[in-house]
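Take a look at the structure set out below.
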Amino acid sequence: MSKRNIFHRTPKFKPEVKMASARQKQSTSMNSKKVKVEVLPEPIKSTSDKKLYKTIKLENGLTALLISDPSRQFVPEELSSSEEESSGTDESSGLESDSGKSGGSDQHGTKKRGDSDEEKLAACALCVGVGSYSDPHDIQGLAHFVEHMVFMGSERYPKENEFDAFIKKKGGSDNASTDCELTTFYFEIQEKHLPHAMDMFSQFFVSPLMMKEAMQREREAIESEFAIASPSDSNRKDQLLSSLFPENHPARTFTWGNLKSLKEDIDDDNRLHTAAHEFRKRHYSAHRMTVAVQARMDLASLEQYVVNTFGQIPTNRLPPEDFSDFKFSPRTITPEFTSIYYVKPVSDTTEVHLTWCMRSLLSEYESKPHQYISYLLGHEGKGSLLSYLRKKVWALAIYTGNSESGIDYTSMYSLFSTQVVLTEDGLANIDKVLEAIFSYINMLKKLGPSERIYDEIRTIEETSFRFDEESQPSDYVETLSENMHFFPPQHYITGDRLYYKYDPKGIKSLLDLMRADTVNIMILSNKHPKPIKYDSKEKWFGTEYKREAINPAWLKKWLSVTPYSQFHLPEKNVYITTNFDLIQPAKPYLEEAERLGIDLINNSAKDIHRKVAANEFTSKVLKHGELMATVNRFRLDQPNLLRKNRHMELWYKPDFKFRFPTALLYFYFITPLSLKSPREACLLDLWSDVLQQGLKEDVYPANMADLTHLLYVTDRGLTLKISGYSQNLHLVVSLISRAMRDSARMPHALFEAVRDVRARTYHNVLIKPHKLAKDVRMSLLLEPYMSPRDKATFIQNVTLPELQDFTQKLLNKMYLQILVQGNLAWHEAVTISENVLKTIKWDGLEPHEIPDIKVHQLPLGERKIRVASLNPSSTNSIVTNYYQGERSTPQEAAALEVLMMLMEEPVFDALRTKEQLGYSVFSMMRYTFGVLGFSITVNTQVDKFSVSHVDRRVEAFLKKFARDVKRGGERALAAARHALVQLKHTADYELKEEVERNWREILTQEYQYQRLFVEADAIERIKLSDIKNWIDNHFPSGNRSQFRKLSVQVVGNKPQDESVDGPKKLSLIYSNASENSGDPTENEADFIKNIEIFKTDLPLINVPKVELAQC
């Protein structure tokens, strides 16, 4: 698969996601400043994009892209001048503009929004044209460190956590990331608080404090971030690859940073403090910054806000660092680079990576020659490289190309890589696998570029762009602020998407660089036929490897290999959409809308719900030819049930709002076998894997034409999600349903290879501490629960005949849940669902045969389970303290949700920012199969803090938090209440958001499609007494009448001087109270030593399900 289809241009470092919290009224005054701005060309946009754009350059050199969303525009109100949450002076609030009533072509009939209007978040991003490649050689990781430090307060807003606290209280989130040559900061917030948020945000770049006192805390945060990233084979491979560049090349930088590079290798803290300030002053100049801001405000208002905030950022007019000496040349490819590296992986994987270094491709965005090559080399259809390797049972997957981020895509060079997931037989024949790769490349060279193929790629991308659904504002401004560094203004939006011109010479020149004597080869595996004696270790991650020169005989053969007869270019893609007509809703929908006075296109979801709920429900009969569907309690604000019998239930809703020629079809094949035993659950996993391998060649052209499918095993069966342009979706459904019936027809050797990959998957899930913590928690709470630990014990004993027998049992008796939404007629939905039944031919299930999952009620008091991490090379420890509530009701859920919003910022500030327990700290509301609860999770390192210490600090936080909430009074509660209600009424940006919400209701069989509105109403009624009662009943500091705590503790492994192999078994290793804790006060009786014995006498919480009538 082409990397363009699996990677988004995501910056390398993604610090903790800081989610939304309380919103309350906020005032900011903005004094208009008459400042000259240069207006740059307007970016080209999709015909479906209704937003208005304006690009300006400020006097200080900063370039800003203003994005005005015309949907129900917000007009900033005159609010009070006080700002109790902010320590800024009145001068800092100089942000009130009279341009809210501005005229001109950018107006959209602005008006104050009413109660029935949906909310949208505003967002702003700033991107600086500097990254880790500008790190000093003796302070590696400095750019990443500065990214952390600039958020630690400003002269105008000196409190360290002030901006983050403000953003969360106002229903937003913020984040930052450091890439090789860019650093990006962004936030989103409720629209009326955007002006003040922009002022606070801009001050980080006007006059950040970067106090010496904050340095140690942020170094610890970076060290913890590095520890979390360290077990990733992808990160380790990238760092090893970076070390192969020439001496002093910027790409050799250790971009992450850790305590060694930021403390141990530096003489003193004064030097680091000085270096950080100097780095910021040198590189954080306005003329090297871009800003993108989006809101439902007119362009004139947005422009004034940008001028008055980011216009204050100083500029030094210094040129960026000169990397011209490192521009790609033959010297860039070192002898160390053109070698074979046997790399010891952390996970259980067997794969080969080929990487070529070539010229920078940033300037060739109009032709994208690398994407053309990636499209063909990564193709999975007939005549492809992967098709050949699969038939040889040498490989099961391929990923090719350039991710257009990180070390792949820079101003100096680009990397093009091919990753092949090998079977054991493929590893044993690695020379032949590599020969096949070069044979395919030589075919591409021999045939030369194909304009037909290029036009096909261009058509697919143009169609995708034409019907592009709206992105989340924060994601959108983040991407655009980065694009602004790479593309001219007219191509800010389209530069990384569209193909402008066919450049056969550019394609040919890249292919000429992809030679066997210029490639780097890395082989990652723990299953070599002959054990590898690793003799080297990478400096920063400690990755063990062995370097060898490429075998001359291999090299000679690879350089001269001719194209294999099995290879050919893809045929014309028959799945490419040609009909983009929009269907009209069936007559009963139009009649009902007229009866209720609803404008289906322009009324908000909130409006439609209110009008539907205020009137009596009617029955409707839908007819089309011989097809008929009777719907009782027909509703416009939710999917309607068109079919219900022993075999299936079909829910359908046309798209009234977005009006794109696309649809989403979701299927859930429920089987009693899924929860019968770990062996049957293992067989279901394996059956799904075999099915997907069998589908690869046939379904790949559809996927390339933006008809996507996801197929995966869930708790009670198999989920299939199909989406894309509606014209040909039925073909994809038909293709997959036929393959399901024939799925177990597979060569024995390929079956064994697929089985081996499934075994690796179980292993690789469980060696991740946070995954193991979840597995342990689910093992304790759920009945039944099929743990990957148990499934792993059966996988290698499963045979192909057994799987074939299982296939018949599986497909002969099922129940199917279906949801169809979008640009499909109701009768097409019925026909598609009935054709699936005709193709697979299964007997239905009676209600009592449908498997059900229950939740155990924990005993009163506290219980702990402490287990060792299954990853011997990871120091990461996880503590998740879970506090169980009762069966969910709207009132209980509302109280807990308000409580979680109040907790979110304080828990991060206390445990992460102040105590530095770990880089990842978060609280979360839990809704576990209808049972409420909440958890606090801390990811620490075993050599920093014991799990018992973290547990105690969580409990100490909860005690203080409980006191603070009770003291906070009604005012804080009102702010949280208001913020949550606004979040419930936030508009969907794409149809998929609504579909996913409806799908969850179907999966849980609760069918509460109006849940958001019910929850919003319940939240409005929450009183301070409700919050106090919840705290008193469920917190350790209360009356403990319903205090049920489960502390899941996964203890990391201490750093090893010598390498250790992965675990042979995936069974749990329990610890006693005194083990791995250093806390003699722990009570041995609180510890769980055997999950199954502990669960034996625990009662199950009854959660009723909705029973549907036949239709």
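Under UniProt numbering, the first residue of the sequence shown is numbered 1, with each subsequent residue one higher.
Cβ coordinates follow ideal geometry from the N, Cα and C atoms, glycine included.
Asked: Roughly how far, in whole angstroms, is the beta-carbon of Lys696 from the beta-carbon of Glu380, given that I think they are within contact range, below 8 Å?; Found: 5 Å
Asked: Among Gln1049, Asn1033, Asp685, Leu711, which one has its Cα closest to the Cα of Gln1042?; Found: Asn1033
Asked: Out of Arg236, Lys237, Asn161, Gln190, state which residue places its alpha-carbon closest to the alpha-carbon of Glu218.; Found: Asn161
Asked: Mind listing, in chain order, the continuous beta strand (DSSP E) runs of no fewer than 3 residues lying wholly within the segment 366 to 413?; Found: 395 to 401
Asked: Is Arg646 buried or exposed, if buried means 16 or more other CB atoms sit within 10 Å of its CB?; Found: exposed
Asked: Which residues in the same chain have their Cβ closer than 8 Å to the Cβ of Gln808, if we skip the five residues on either side of it in sequence?; Found: none
Asked: Expressed to the nearest angstrom, what Euclidean distance is found between the alpha-carbon atoms of Arg863 and Gly918?; Found: 23 Å
Asked: Identify the continuous beta strand (DSSP E) that holds Gln294 and give its terminal residues.; Found: 289 to 295
Asked: Just mark Ser536 as buried or exposed, buried being the case when its beta carbon has 16 or more other beta carbons within 10 Å.; Found: exposed
Asked: Let's see if you can read the secondary structure: which residues bound the beta strand (DSSP E) around Val820?; Found: 815 to 822
Asked: Could you work out which residue in Glu462, Thr349, Ile407, Asp475 is closest to Val420 when comparing CA atoms only?; Found: Thr349
Asked: Taking the alpha-carbon of Ala176 as reference, which of Glu147, Asp988, Leu480 has the nearest alpha-carbon?; Found: Glu147
Asked: In angstroms with no decimal places, state the Cα-to-Cα distance between Val343 and Ile550.; Found: 15 Å
Asked: Applying the 10 Å Cβ sphere with the 16-neighbour rule, what's the burial state of Met628?; Found: exposed
Asked: Measure the alpha-carbon distance for Ile340 versus Ile532 and round it to whole angstroms.; Found: 13 Å
Asked: With distances taken Cα to Cα, identify the nearest neighbour of Ser560 among Ile437, Leu510, Phe957, Ser464.; Found: Ile437
Asked: Assign Phe204 to one of three DSSP states: helix, strand, or coil.; Found: helix
Asked: Helix, strand or coil for Ala64 per DSSP?; Found: strand
Asked: Spatial neighbours of Ile736 within its chain, please: C-beta separation below 6 Å, excluding the five flanking residues on both sides.; Found: none
Asked: Write down every uninterrupted run of the alpha helix (DSSP H) in the segment 1019 to 1044 whose length is 4 residues or greater and which is fully enclosed by it, in chain order.; Found: 1024 to 1034
Asked: Could you tell me the alpha carbon to alpha carbon distance between Gln884 and Leu422, rounded to whole angstroms?; Found: 44 Å
Asked: Out of Ala221, Thr1004, Leu710, Lys841, which one is the CA nearest neighbour of Ile853?; Found: Thr1004
Asked: Assuming Val855 and Ala663 form a contact by the criterion Cβ under 8 Å, report the distance between their Cβ atoms to the nearest whole angstrom.; Found: No, Val855 and Ala663 are not in contact; Cβ-Cβ is about 35 Å, not under 8 Å.
Asked: Taking Met900 as part of the alpha helix (DSSP H), name the residues at either end of that continuous run.; Found: 890 to 907
Asked: For Asp496, does the three-state DSSP call read helix, strand or coil?; Found: coil
Asked: Taking DSSP as the reference, what is the three-state secondary structure of Asp90?; Found: Since pLDDT at Asp90 reaches only 35, below the 50 mark, its modelled position is unreliable, and the value read off the structure follows with that caveat. Correct three-state label for Asp90: helix.
Asked: Given a cut-off of 8 Å on the beta-carbon distance, is the pair Leu427 and Lys527 in contact?; Found: yes
Asked: Does Gly94 pass the burial test, meaning 16 or more other C-beta atoms within 10 Å, or should it be called exposed?; Found: The predicted position of Gly94 is uncertain, since its pLDDT is 34 and thus under 50; a value taken from the coordinates is nonetheless stated next. Gly94 is buried by the Cβ-count criterion.
Asked: Could you give the distance in angstroms between the alpha-carbon of Asp431 and the alpha-carbon of Glu456?; Found: 33 Å
Asked: The beta strand (DSSP E) that contains Ala214, what's its start and end?; Found: Unbroken run through Ala214 is the alpha helix (DSSP H), 212 to 229; no beta strand (DSSP E).
Asked: Quick check on the burial criterion: 16 or more other C-beta atoms within 10 angstroms. Buried or exposed for Gln891?; Found: exposed
Asked: Ordered along the chain, which non-local residues of its own chain (more than five positions away) have a Cβ less than 6 Å from that of Leu845?; Found: Tyr815
Asked: Using three-state DSSP, classify Gly114 as helix, strand or coil.; Found: Its pLDDT being 48, under 50, Gly114 is placed unreliably in this model, and the value from its coordinates should be taken loosely. Three-state DSSP puts Gly114 in coil, outside helix and strand.
Asked: Please report the Cβ distance between residue 1113 and Val519, rounded to the nearest whole angstrom; I am assuming they are in contact, meaning their Cβ atoms lie under 8 Å.; Found: What is shown of the chain runs 1 to 1111, which leaves residue 1113 out entirely.
Asked: Where Arg113 and Asn603 are concerned, what is the direct C-alpha to C-alpha distance, given to the nearest angstrom?; Found: Bear in mind that the predicted position of Arg113 carries a pLDDT of just 44, short of 50, making it unreliable; the figure below should be weighed with that in mind. Their Cα atoms are separated by approximately 13 Å.
Asked: Enumerated in chain order, which unbroken segments of the alpha helix (DSSP H) with a length of 4 residues or greater are wholly contained in the segment 745 to 783?; Found: 748 to 766, 769 to 781
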